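Protein chains in written order, with my numbering: chain A, 1 to 336; chain B, 1001 to 1336; chain C, 2001 to 2338; chain D, 3001 to 3338. All C-beta atoms in this analysis are idealised placements derived from N, C-alpha and C, irrespective of residue type, glycine included. As the structure is a prediction and not an experimental result, all values here were calculated from the model. What follows is one structure encoded as structure tokens, with my remarks underneath.
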Amino acid sequence: MAVLRMNQAICRALADEMRADPSVMVLGEDVAAAGGVFKATEGLLEEFGPMRVRDTPISETAILGAAVGAAMAGMRPVAEMMFVEFLGVALDQVVTQAAKMCYLSAGQFSVPLVVRASVGAGLGFGAQHSQTLETWLLNTPGLRVASPSGPSSAYRVLRAAIRDPDPVVVLEPRALYFIREEFDPADQVPSPLGMARRVREGDAVTVVALGQMVRVAAQAAEAVAKTWPVDLLDLETILPWDRRSVLESVARTHRLIVIEENPYTGGWGADVVAHVVERGWDSLDAPPVRVTCPDVPVPFSAALERRYLPSPEFVAKQIDALCAEGRALTPWWAEE
Amino acid sequence: MAVLRMNQAICRALADEMRADPSVMVLGEDVAAAGGVFKATEGLLEEFGPMRVRDTPISETAILGAAVGAAMAGMRPVAEMMFVEFLGVALDQVVTQAAKMCYLSAGQFSVPLVVRASVGAGLGFGAQHSQTLETWLLNTPGLRVASPSGPSSAYRVLRAAIRDPDPVVVLEPRALYFIREEFDPADQVPSPLGMARRVREGDAVTVVALGQMVRVAAQAAEAVAKTWPVDLLDLETILPWDRRSVLESVARTHRLIVIEENPYTGGWGADVVAHVVERGWDSLDAPPVRVTCPDVPVPFSAALERRYLPSPEFVAKQIDALCAEGRALTPWWAEE
Amino acid sequence: MITTDATPVERRTALQGGNLHAALDRMVEIRVLEEHVQQLFLQGLIPGTTHTCQGQEGVCVAVAGTTRTTDQVLCTYRGHGWALALGMPATAVLGEIMGRRAGCTGGLGGSMHLSDRALGLWPTVAIVGAQLPIAAGAALASQTRGDDAVTVAVFGDGAANIGAFHEALNLAGLWALPVVFVCENNLYAEYSRIDGTTAVPEIASRAAGYGMPGVAVDGQRVDAMRAAMLEAVDRARARRGPTLIEAKTYRFVGHSRSDPAKYRLPGELEAWKARDPVRLVAAELRPNDPDVLIAEIRARWEATMALVVEAVKAAPEPVEQDMFQHVYAGGRGSNVLG
Amino acid sequence: MITTDATPVERRTALQGGNLHAALDRMVEIRVLEEHVQQLFLQGLIPGTTHTCQGQEGVCVAVAGTTRTTDQVLCTYRGHGWALALGMPATAVLGEIMGRRAGCTGGLGGSMHLSDRALGLWPTVAIVGAQLPIAAGAALASQTRGDDAVTVAVFGDGAANIGAFHEALNLAGLWALPVVFVCENNLYAEYSRIDGTTAVPEIASRAAGYGMPGVAVDGQRVDAMRAAMLEAVDRARARRGPTLIEAKTYRFVGHSRSDPAKYRLPGELEAWKARDPVRLVAAELRPNDPDVLIAEIRARWEATMALVVEAVKAAPEPVEQDMFQHVYAGGRGSNVLG
Ligand SMILES: Cc1ncc(C[n+]2csc(CCOP(=O)(O)OP(=O)(O)O)c2C)c(N)n1
Ligand SMILES: Cc1ncc(C[n+]2csc(CCOP(=O)(O)OP(=O)(O)O)c2C)c(N)n1
Ligand SMILES: [Mg+2]
Ligand SMILES: [Mg+2]
């Protein structure tokens, strides 16, 4: 057993994979000598040397492109994007190159690449450094996308991502890097990506969450536990998300709430709702509900940013409304 | 009245706005001397001169960044991205800069920028030149996104986009550039973006479509017209899409089908379905349905590409199944 | 000479003409504000992050003194000094850094996103290099309209390796845009020294690849920087094309937040501190006892800044509704569910 | 000398050692295939688009003759000549262009996306410049693993203005990656002449900004190109760092599809046709009657290509299930609804 912060769990996953497989390498801005801006690559340079652990220039296109090329050549590079927004200058390499190379070469090449990026609001980094941006990636056949919800989750997800033969983007909730958890890394069998994790079991309502919203959902579930036993699923992998587990849960609970850290319009929660409605229509007793952020850029002020994020209190209210009345409340931010 | 192809209608809209407003300018690769790869800017250089109509290097970041800067300085630039995929090397300028500048400056600056990009499959351009990619843009407060469905639609949408004080991305279905339509440009009052267009009226089912799928939907609607009168809405603007019109329609028809040219997972159709389900639950008699492409990159071969796109025949079948049985068929491409 | 209740525009005007007293005064003001920012951050009173600029004050003050409020300056997250230099009052700067309504954007932006259109300060950006093509666009607007504004695009040594730099400089060179690119080469990008990230030792040398003059300047000397700017601004104003100026400078503090900057080469900090831009100007003005001169000015700014800090601490935070303003310049709010 | 039923690897080997007969033979093969591609496109038998390379054949043939099948070549949508030069049989090239199962990727990729891993031909990309950082990555893998492969990254003059070029070359220079950057400067990017898009006249000059040698070569002379490649490949193979080679060349045809290329300067095409790379080699081999030599070889290839065209026309198209293969290398298919 070990008590690890999420950044340490990530570092441990990297080190474990690097020990097991000499083709695993790490590159990114300040990941080597400094051990990463979020200290998620600390000690790797010392153990694995400057060939396999590389500091790069501020050149996201070159970082990702080089990772794509190295992966196609048979390495297993793990590239760090310090903040997910930086994908905006280099998205091409992930979704237009990496995700399509296997297809375009009819399977001659595969791209066992991992892109790690920190995501999310709550730390006061402002509108250009606080989003989650799964939506840039989801409509991309050929890609996988995961987002862990804490230390053991991050450890498991990252090892699975590195072993995956296809390109995987791992979106790490920045606000969780310094959260601690006690777990035994040796116990964490890297399960293949694409399976949801049941956080708590219940039959009143299915709550689906991802990343740092899993904690928010868990707090809300705890708050309403006496009245409404929540079946809480942590998707962990968002592309492809675990349709089977969600549908099975809804078949038992007949109700669905998705908690999403994104503006309301065009978020991934809609994909969950739409699929469940299409394939699980008869299971549903009430309209599915999304709890999201409002349709605004992430505000800087601490007061506004707190308000911006879904809160456990509001999620609890929505659970209560949906279970008691069969109808959720209008989101706090909405004008009709 | 005039008979115009869609590229000519676009060119006309540009010329009309450039005549009306000296701050409108056009820039992009080969838009000036050559009149555009798709001939949508033909004659503009001759009429408006090399200051306002500029050929650029192959530098999408500089093209979009320069357009953002010029817009912030008070111009109304219209930047062309020849294929929407090229946004992948410069998305930052649209979603992280342009869309957030008004907010980040608390309204001191606005960004009256238009980005035109050609989109869509059907012409054999292969996996890196055939997508629609609205999903890169939708979860972006501060941005507007539209996609016309033919010549008059393109004329109207583009004029409205140029007059809009905020950044607008106009996604032009490439396969429609050479489609003709007779209409009077003078009649086309540029209505503000965000309003759906009713293509045909009916009460059996609401069909929502965008871009080149509007034609596919219209053909399907025609095919089933005797049995199932379709209420066909062309969204035209996809961010923000016209929630009110769609909900009103569904309140009358009690059924919803969304036709989308995108892979199934993570497309914008889910946003329409999810919102309608959440806000129009009681209206619905049957599960909403999305007709989409399969979850694969766009294949090159003509035979495969034809199969890849939603066909009028399959849409008609889904309309029939939903209206007759209350249940759509499993998509042709799906394995359980 | 510089009163603390000068208007923002007066604060800007004071720097024009090259008065070294005014420059020194502003540099000390910046130094003192940045020290407070660091303390406030450590005290947990500033959310997120801060990037301060102690040691680099000569560059922004020289640029502010050689440009007009109708010119347009685009810089980065390391922007506090730029905002003050261009004329923004300390309350508006610190107010923003602390997320108050008194901030220049009312707490929406934060430390990395300062702006004041009336001073020509465009929103500072937090994506490395993104401001460079935007600056080209600002200059493009001037060129197309035929106005006489000059655009200044500020960036760091690390930004010289990102694609946006290349594309923006090529475009500016090609179209002879009225823009001055000012690289604050402080030797480090975050924790990485320039020689570990950049295949050439001098950023200015890259200008040749874009058909524009490249000038390396001692960024610690406000007069040298001023001279280089005057020439480049003239060139741009006369519509003779862009210039790349590389200001060799150094930050005396870490990259951001509480970075202890352990990555410095031995002796490097000391060598650069010996060339503190504040002290170099003071020595120019009062060769016999520069430190006394600095102490005098510092005392005044410390008194002022203490008041500013208290005022901002007491200032109101934004209210919920503020977050829905300004998402779009036009049309209905973005919180309408429809 | 070159039999049409040589294996792909034999076709590659034939070009090594600098045999000019072999080079000429391959260049004519490319020329003839490209002519057929243009005709087939005009006949509506090729979907989408094509980018042919008549006039530029010397460059790819020289590169193919100076690299091994274990080296890695990354190039662009203008890739038919590259595929043939590296050894791919015409049926696999044309089969792909026409979207048949006989194509090198069975019709999934098309004209812009050719590949054959056994020949070191990586998937050609259709996003300008995207292959450059990927090539740096291929070279990075070699460097990290310690193998002796060399990577060749091919791009056009127009690609020298995109950010990916800058970032890739800086990275390669910084890390001394074993890569050779080959710019096919054919003076035009689509319909834009280089002087209208690029702030410097010579791409090779930009190498200085990345700490690597830049060499401008007459790309119409396969021997000159070969000499430059030998040196650059040696340098890379010996792990002494990257090189930028600018091959000055010209396309005798439009950019793509049916482009009539009206944008050419007057006399330009004629001047370049006088330096047709095919004829320059033939003149070297048979100074007295190069045209007869060309005609002989051409006749052979025309006969062969006529058969190839008929075979591909008759070849089967892919079947529906083909579109679901290869979306992912691992795991279940992507058509499972769950
Ligand atoms: C595209 C992008 N990549 C990375 C970062 C993270 N980052 C912020 S500041 C910085 C260092 C920039 O160094 P430099 O350009 O020298 O400017 P300085 O901070 O020294 O003023 C980095 C890597 C970013 N903000 N944007
Ligand atoms: C990022 C990007 N921008 C634009 C295009 C469209 N495009 C395709 S080829 C081409 C011209 C490229 O010119 P050059 O690099 O000189 O290569 P050449 O075609 O002459 O071989 C352009 C602009 C693209 N494919 N990718
Ligand atoms: Mg720096
Ligand atoms: Mg070219």
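Along chain B, in chain order, which residues have C-beta atoms closer than 8 Å to that of residue i?
{"i": "residue 3324 (chain D)", "result": "1294, 1296 and 1333"}
Pull up the CB-CB distance for residue i and residue j, whole angstroms please, since I reckon it's below 8 Å.
{"i": "residue 3034 (chain D)", "j": "residue 3052 (chain D)", "result": "4 Å"}
{"i": "residue 1149 (chain B)", "j": "residue 1216 (chain B)", "result": "About 10 Å; that fails the 8 Å criterion."}
May I ask whether a heavy atom of ligand 2 can be found less than 8 Å away from the beta carbon of residue i?
{"i": "residue 1095 (chain B)", "result": "no"}
{"i": "residue 3076 (chain D)", "result": "yes"}
{"i": "residue 3255 (chain D)", "result": "yes"}
{"i": "residue 18 (chain A)", "result": "no"}
{"i": "residue 1082 (chain B)", "result": "yes"}
Below 8 Å, is the gap between the Cβ of residue i and the nearest heavy atom of ligand 3?
{"i": "residue 60 (chain A)", "result": "no"}
{"i": "residue 2184 (chain C)", "result": "yes"}
Drop a sphere of 10 angstroms on the beta-carbon of residue i, count the other beta-carbons inside from all chains shown, and report buried for 16 or more, exposed for fewer.
{"i": "residue 2070 (chain C)", "result": "exposed"}
{"i": "residue 2037 (chain C)", "result": "buried"}
{"i": "residue 2025 (chain C)", "result": "buried"}
{"i": "residue 3001 (chain D)", "result": "Only weak support is given to the placement of residue 3001 (chain D): the predicted model assigns it a pLDDT of 38, under 50, and the question is left unresolved by the model."}
{"i": "residue 178 (chain A)", "result": "exposed"}
{"i": "residue 1324 (chain B)", "result": "exposed"}
{"i": "residue 1121 (chain B)", "result": "buried"}
{"i": "residue 2289 (chain C)", "result": "exposed"}
{"i": "residue 2271 (chain C)", "result": "exposed"}
{"i": "residue 1306 (chain B)", "result": "exposed"}
Starting from residue i, find everything on chain A with Cβ-Cβ shorter than 9 Å and list it in chain order.
{"i": "residue 2164 (chain C)", "result": "89"}
{"i": "residue 3140 (chain D)", "result": "25, 27, 54, 66, 67, 69, 70, 73, 75 and 77"}
Please confirm whether any heavy atom of ligand 1 lies closer than 8 Å to the CB of residue i.
{"i": "residue 2127 (chain C)", "result": "yes"}
{"i": "residue 30 (chain A)", "result": "yes"}
{"i": "residue 2225 (chain C)", "result": "no"}
{"i": "residue 2162 (chain C)", "result": "yes"}
{"i": "residue 89 (chain A)", "result": "yes"}
{"i": "residue 2199 (chain C)", "result": "no"}
{"i": "residue 2252 (chain C)", "result": "no"}
{"i": "residue 86 (chain A)", "result": "yes"}
Chain D partners of residue i, CB-CB under 7 Å?
{"i": "residue 2173 (chain C)", "result": "3199"}
How would you list, in chain order, the residues of chain C whose beta-carbon sits under 9 Å from the beta-carbon of residue i?
{"i": "residue 61 (chain A)", "result": "2162 and 2163"}
{"i": "residue 3167 (chain D)", "result": "2161, 2162, 2163 and 2166"}
{"i": "residue 3288 (chain D)", "result": "Neighbours of residue 3288 (chain D) on chain C: none; closest Cβ ~46 Å, over 9 Å."}
Identify the contact partners of residue i in chain A, using a Cβ-Cβ distance below 7 Å as the criterion.
{"i": "residue 1092 (chain B)", "result": "88 and 89"}
{"i": "residue 2182 (chain C)", "result": "Within 7 Å Cβ-Cβ: nothing; residue 2182 (chain C) doesn't reach chain A, min ~17 Å."}
So which residues on chain C does residue i lean against when the C-beta distance must stay under 7 Å?
{"i": "residue 1041 (chain B)", "result": "The premise fails here: residue 1041 (chain B) is roughly 16 Å from chain C at the closest Cβ pair, so nothing lies under 7 Å."}
{"i": "residue 1166 (chain B)", "result": "2328, 2329 and 2330"}
At a CB-CB cut-off below 9 Å, which residues of chain D make contact with residue i?
{"i": "residue 155 (chain A)", "result": "Residues of chain D passing the Cβ test: none, with the nearest at roughly 21 Å."}
{"i": "residue 1304 (chain B)", "result": "3099, 3107, 3108, 3317, 3318, 3319, 3320, 3322 and 3323"}
Kindly list, in the order they appear in chain C, the residues whose Cβ is closer than 8 Å to that of residue i.
{"i": "residue 3263 (chain D)", "result": "None at all; the shortest Cβ gap to chain C is about 17 Å."}
{"i": "residue 2996 (chain D)", "result": "Limits of chain D in this structure are 3001 at one end and 3338 at the other, which puts residue 2996 (chain D) out of reach."}
{"i": "residue 128 (chain A)", "result": "2112, 2113, 2125, 2126 and 2127"}
Check the Cβ of residue i against every Cβ in chain D and list those closer than 8 Å, keeping chain order.
{"i": "residue 2019 (chain C)", "result": "In chain order: nothing, as chain D lies at least about 37 Å away."}
Give me the chain B residues within the contact set of residue i, using Cβ-Cβ distance strictly less than 7 Å, ordered along the chain.
{"i": "residue 277 (chain A)", "result": "1273, 1277, 1287 and 1288"}
Taking Cβ-Cβ distances shorter than 9 Å, what residues in chain B pair up with residue i?
{"i": "residue 2051 (chain C)", "result": "Within chain B, no residue comes near residue 2051 (chain C); the closest Cβ sits about 16 Å away, beyond 9 Å."}
Can you list, in chain order, every residue whose CB sits closer than 6 Å to a heavy atom of ligand 4?
Qualifying residues come out as D:3156, D:3157, D:3158, D:3186, D:3188 and D:3189.
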